[in-house]
Amino acid sequence: MLSAGIVGLPNVGKSTLFNALTRTHKAPAENYPFCTIDPNVGVVTVPDQRLARLAEISHSQKIVPTAIEFVDIAGLVKGASTGEGLGNQFLSHIREVDAIVQVVRCFESSDVHHVSATIDPICDIEVINTELVLADIASLQKRRDRLQKEVRAGDKAAKIESGIIEKLFPHLDAGKPAITTKLTPEEKVVAREFFLLTSKPTIFACNVAESDLAIIGAGVERGHNESLQSIEAGVTDPGYDAAKHVEAVRDYARHHFGTEAVVISAQIESELVDLGENEAMEYLRGLGIEGSGVNALIHAVYHLLGLRTFLTTGEKESRAWTIHAGDKALTAAGVIHSDFERGFIAAETIQTAT
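The numbering of the sequence shown is my numbering, which starts it at 8 and goes up by one.
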């Protein structure tokens, strides 16, 4: 099962978000840095309304959704790449996950201390990215030093690795994540063995206050500048600063990572943990919110990991199966059972609304 690590500065809402995602109170969420030391791990089902409808049609005895793993990683601080704030330990936890959810604080609160004493999401992102880049540079330098002897001896594999490292170094030196380096498909396969932190696909979660969520809207972007323009006339509106912060993060995510940002209120979502699905939706609608930001985040991370779903249904069960983007029907058949793959002839499929 692929996993996504929840990363960010201390006190940005990582553990609160983890609890909301896993619908538990497993992770301590306190108002002080490093309340999480060892990573918390939770398996999260991927919401899919189509499954319930299929089960209804087929009179299925049970529903089996697909799932991904989320890991709540302790907050990083400036200097983490050199061991500050147990940085080396926390960076090793990031190295073990397949993707990164970087939680960015976009809310003001006198009750929740910010490590830099000011709300500046872009500055926060750059602190995290700088530490990850510096850790990657140190890792690549060690690898480069080890390869020198083999390169001089004419080892072909070492020469290929060395060439890729030389492509990555100037990119990282410029403060850019390794994932945006232009490499050939063959070079990308080799580079995976470097286990670089900034080579992991990344998505941003803008954590906003409850009072701002109805204005900005939960989930993935509703349209460029829409939330900001909707309150532009009233600059004194309490949601204005949050909307500016969210728009800045979305722009940064697009331009520097080629990715997206999801808006969530970790505090609201954590309050839904003990409610049933219908109660939770009624609660959100009462706040003027149409959908769950957590559900939007789960779907966004699922796609970020390159995962896709196909469904099967019958009286015994309706089940969601996970495949990778680009997989063919033959591979999908093998996910159900290896015998199906070996004896595969054809598959009849039905396209559903996503």
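Quick reminder that beta carbons are idealized off the backbone N, C-alpha and C, glycines included.
In the three-state scheme derived from DSSP, where H, G and I count as helix and E and B as strand, E76 is classed as strand.
Contact annotation: the stretch 154-161 does not touch the stretch 177-190, with fewer than three C-beta pairs closer than 8 Å. Spanning the alpha carbons of K21 and N47 requires a straight line of approximately 11 Å.
Residues of the same chain with a CB within less than 6 Å of the CB of I275, apart from the 5 flanking positions on each side, are E217 in chain order. Here C130 is exposed: its Cβ has fewer than 16 other Cβ atoms, across all protein chains shown, within 10 Å. Sorting Q109, L204 and L58 by C-alpha distance to the C-alpha of F77 places Q109 at the top.
Taking 8 Å as the upper bound for CB-CB distance, L190 and A198 are in contact here, some 6 Å apart.
Rounded to whole angstroms, the separation of the alpha carbons of S325 and L318 is 7 Å. Between the beta-carbon of A287 and that of L294 there is about 11 Å, and that puts the pair past the 8 Å contact cut. In the structure shown, F114 falls within a coil segment according to DSSP collapsed to helix, strand and coil.
Scanning its chain for C-beta atoms nearer than 6 Å, with the 5 sequence neighbours on each side dropped, one finds around F211 the residues Q109, V111, V256, A260 and A268, in chain order. If you compare the alpha carbons of L311, T52 and L83 with that of V71, the shortest gap goes to T52. T52 carries a strand assignment under DSSP once its states are collapsed to helix, strand and coil. Your pair A339 and I352 does not check out as a contact, with CB atoms roughly 14 Å apart and the cut at 8 Å. If you compare the alpha carbons of I271, L24, I80 and L98 with that of D143, the shortest gap goes to L98.
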